[in-house]
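*Asks:*
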Amino acid sequence: MTTAPERTTDLYPTRGATEVITPRKDPVVWSEPGAPGPIEASDLQAYERDGFLAIDQLITPDEVGIYAGELERLISDPLIRADERSIVEPKSQEIRSVFEVHKISQVFADLVRDPRVVGRARQILGSDVYVHQSRINVKPGFGASGFYWHSDFETWHAEDGLPNMRTVSVSIALTENYTTNGGLMIMPGSHKTFLGCAGATPKDNYKKSLQMQDAGTPSDEALTQLASEYGIRLFTGKPGSATWFDCNCMHGSGDNITPYPRSNVFIVFNSVENTAVEPFAAPVHRPEFIGARDFTPVR
Ligand code: 6CS
Ligand code: FE
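Mapping the sequence shown onto our numbering, position 136 (from 1) lands on 140, and the numbers just tick up by one.
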């Protein structure tokens with residue numbers, strides 16, 4: 005019989021009656037200065053300051069072909085389409101995302117374990133890591149909808165039960181990210197302010213939030229304040245480029261009305277010292293294909 009992990013102190017209150025700002029209490033970079041790893045010290049300092057690190061080429065063009073091919077294989081498989089891990093676009097019903105690709109695809113499982121990938125995650129988080137979530141985002145052209153402004157940690161804390169900000173995501177471009185096809189936007193420095201959102205988490209929220217998030221989205225006033233304080237950075241890059249970003253960055257992406265898909269693979273590494281407990285602001289935790297409850301370190 006598995007006992008529910010005990011609830012720890014809630015350092016980052018959210019989804020109450022009103023919005024509430026809490027200064028970040030956790031480090032951004034958890035490893036000691038000079039700790040070994042693929043990230044240069046100057047880049048690690050920039051990541052600590054900005055909350056993100058853009059890499060022009062994390063994987064080679066040949067490798068991109070392998071992963072882009074695997075994405076196509078997955079989204080063309082009727083069994084995958086019928087699986088609960090697949091989320092479709094509200095209008096076109098085309099596949100928008102497929103979750104838990106590190107478990108259903110050996111190709112993506114190998115990417116997770118690649119030292120260029122997991123090595124950076126361990127260096128940022130200062131420990132062994134496991135995958136909290138992985139997904140491929142297709143973001144096809146001709147109207148694929150974006151992701152409204154949010155902090156991922158706000159959801160992962162409220163609904164998946166991650167206690168601290170010791171989680172890092174990497175988005176690896178599998179198609180060209182232009183200025184026009186719905187690229188990732190981050191407010192540089194916003195990771196140091198936790199914005200607790202107003203409004204309780206509805207039951208089975210994920211069934212809607214993965215298409216269009218509502219609970220956990222900031223007010224216009226808060227976004228206006230954050231944008232004026234931090235600005236907005238749009239990420240562009242060739243296939244194979246990557247953006248590493250802290251779990252609490254305020255980020256989003258626009259719709260893609262161009263003919264050019266903006267596909268990526270998105271992997272979320274969590275420290276084994278920060279494993280999920282009971283949700284902090286939801287009746288029950290989300291399904292394991294969205295928020296892992298298997299904390300086996302990546303080897
Ligand atoms: O709810 C989540 O976990 C997912 N939603 C978004 C918009 N970003 C993070 C994550 O993939
Ligand atoms: Fe997100």
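The C-beta atom is built at its ideal place from N, Cα and C for all residues, glycine as well.
Could you give the DSSP three-state label for Ala-219: helix, strand or coil?
*Replies:* Position 215 of the sequence shown, counting from 1, holds the residue named residue 219. If DSSP states are grouped into helix, strand and coil, Ala-219 belongs with coil.
*Asks:* How big is the Cα-Cα spacing for Met-5 and Asp-298?
*Replies:* By 1-based counting over the sequence shown, the position of residue 5 is 1. By 1-based counting over the sequence shown, the position of residue 298 is 294. Note that Met-5 scores 48 on pLDDT, short of 50, meaning its location in the model is unreliable; the coordinates nonetheless yield the value given after this. When rounded, the distance between both Cα atoms is 16 Å.
*Asks:* Please tell me whether Pro-291 and Pro-65 are closer than 8 Å, where the distance is taken between their beta carbons.
*Replies:* For this step, residue 291 is matched to residue 287 along the sequence shown. For this step, residue 65 is matched to residue 61 along the sequence shown. In this structure, Pro-65 does not lie closer than 8 Å to Pro-291 by Cβ.
*Asks:* Quick check: the stretch 11–29 against the stretch 191–205, are at least 3 beta-carbon pairs closer than 8 Å?
*Replies:* yes
*Asks:* Hey, which unbroken runs of the beta strand (DSSP E) at 3 residues or more fall wholly within the stretch 179–224?
*Replies:* 188–190 and 197–200
*Asks:* Tell me the DSSP secondary structure of His-161 in three-state form.
*Replies:* Residue numbering aside, residue 161 sits at position 157 when the sequence shown is read from its first letter. Helix, per DSSP.
*Asks:* With a 10 Å radius around its C-beta and 16 neighbouring C-beta atoms as the bar for buried, classify Ser-109 as buried or exposed.
*Replies:* The residue you call residue 109 lines up with position 105 of the sequence shown. Answer is buried; the Cβ neighbour count reaches 16.
*Asks:* With distance defined between alpha-carbon atoms, name the residue in Leu-166, Glu-233 and Lys-107 nearest to Asp-54.
*Replies:* Position 50 of the sequence shown, counting from 1, holds the residue named residue 54. Here the closest residue by C-alpha is Glu-233.
*Asks:* Indicate whether Thr-205 and Arg-266 have their beta-carbon atoms separated by less than 8 Å.
*Replies:* For the purposes of this step, residue 205 is taken as the residue at position 201 of the sequence shown. For the purposes of this step, residue 266 is taken as the residue at position 262 of the sequence shown. No.
*Asks:* Is the beta carbon of Ser-138 less than 8 Å from the beta carbon of Phe-270?
*Replies:* Position 134 of the sequence shown, counted from the start, is the residue given in the question as residue 138. Position 266 of the sequence shown, counted from the start, is the residue given in the question as residue 270. Contact flag set, yes.
*Asks:* Based on the DSSP output, what are the partners of Gln-137 in its beta bridges?
*Replies:* Reading the sequence shown from its first residue, position 133 is the one you call residue 137. BP columns for Gln-137 point to Val-272.
*Asks:* How is the beta strand (DSSP E) around Tyr-152 delimited, first residue to last?
*Replies:* Taking the first residue of the sequence shown as position 1, residue 152 is located at position 148. Start and end: 151–155.
*Asks:* Residues bridged to Ala-305 by DSSP?
*Replies:* What the structure shows of the chain is the stretch from 5 to 303, and residue 305 is not part of that stretch, so it cannot be assessed.
*Asks:* If we count Cβ pairs, one from each stretch, closer than 8 Å, do we get three or more for the stretch 160–178 versus the stretch 280–290?
*Replies:* yes
*Asks:* So is the beta-carbon of Asp-289 under 7 Å away from any non-hydrogen atom of the ligand FE?
*Replies:* To locate residue 289, count along the sequence shown from 1; it is residue 285. Residue identity differs from the one stated: residue 289 is His in this sequence, not Asp. The answer is no for His-289.
*Asks:* Counting pairs of Cβ atoms below 8 Å between the stretch 252–260 and the stretch 148–160, do you hit three or more?
*Replies:* yes
*Asks:* Going by beta-carbon coordinates alone, are Ala-39 and Gly-123 separated by less than 8 Å?
*Replies:* On the sequence shown, residue 39 is found 35 positions in, with the first residue counted as 1. On the sequence shown, residue 123 is found 119 positions in, with the first residue counted as 1. Not closer than 8 Å, so no.
*Asks:* Verify the contact flag: Phe-239, CB atom, against every heavy atom of the ligand FE, threshold strictly below 7 Å.
*Replies:* For the purposes of this step, residue 239 is taken as residue 235 along the sequence shown, with counting starting at 1. Answer for Phe-239: no, Cβ out of range of the ligand FE.
*Asks:* In this structure, what does DSSP give as the bridge partners for Asp-118?
*Replies:* To locate residue 118, count along the sequence shown from 1; it is residue 114. BP columns for Asp-118 are empty, so no partner.
*Asks:* For His-20, which of Ala-162, Ile-176 and Val-105 has the nearest alpha-carbon?
*Replies:* For the purposes of this step, residue 20 is identified with residue 16 of the sequence shown, where counting begins at 1. In the sequence on display, residue 20 carries Gly and not His. Of the listed residues, the one whose Cα sits closest to Gly-20 is Ala-162.
*Asks:* Return the first residue and the last residue of the beta strand (DSSP E) that Val-102 is part of.
*Replies:* By one-based count along the sequence shown, residue 102 stands at place 98. Run containing Val-102: 99–103, per the beta strand (DSSP E) assignment.
*Asks:* Please give me, in chain order, every unbroken run of the beta strand (DSSP E) with length at least 3 that falls completely inside the stretch 22–80.
*Replies:* Runs of the beta strand (DSSP E) inside the stretch 22–80: 24–27 and 56–59.
*Asks:* In this structure, how does DSSP classify Val-111 when only helix, strand and coil are distinguished?
*Replies:* Within the sequence shown, the letter at position 107 stands for residue 111. DSSP places Val-111 in helix when its eight states are reduced to three.
*Asks:* List the residues that DSSP assigns as beta-bridge partners of Ala-86.
*Replies:* Counted from its first residue, the sequence shown places residue 86 at position 82. According to DSSP, which records beta bridges pairwise, Ala-86 is partnered with nothing at all.
*Asks:* Go through its chain and collect everything with a Cβ distance to Glu-52's Cβ below 7 Å, but skip five positions before and after it.
*Replies:* For the purposes of this step, residue 52 is identified with residue 48 of the sequence shown, where counting begins at 1. Counting only Cβ-Cβ distances below 7 Å, and skipping sequence neighbours, we find Val-32 and Val-33.
*Asks:* Roughly how far, in whole angstroms, is the beta-carbon of Leu-227 from the beta-carbon of Trp-153, given that I think they are within contact range, below 8 Å?
*Replies:* Here residue 227 refers to the residue found at position 223 of the sequence shown. Here residue 153 refers to the residue found at position 149 of the sequence shown. The Cβ separation is near 6 Å, so the contact holds.
*Asks:* Between Pro-192, Leu-78, Pro-301 and Gln-215, which lies nearest to Cys-251 when the distance is taken from Cα to Cα?
*Replies:* Residue mapping note: residue 251 aligns to position 247 of the sequence shown, counting from 1. Nearest C-alpha to Cys-251: Pro-192.
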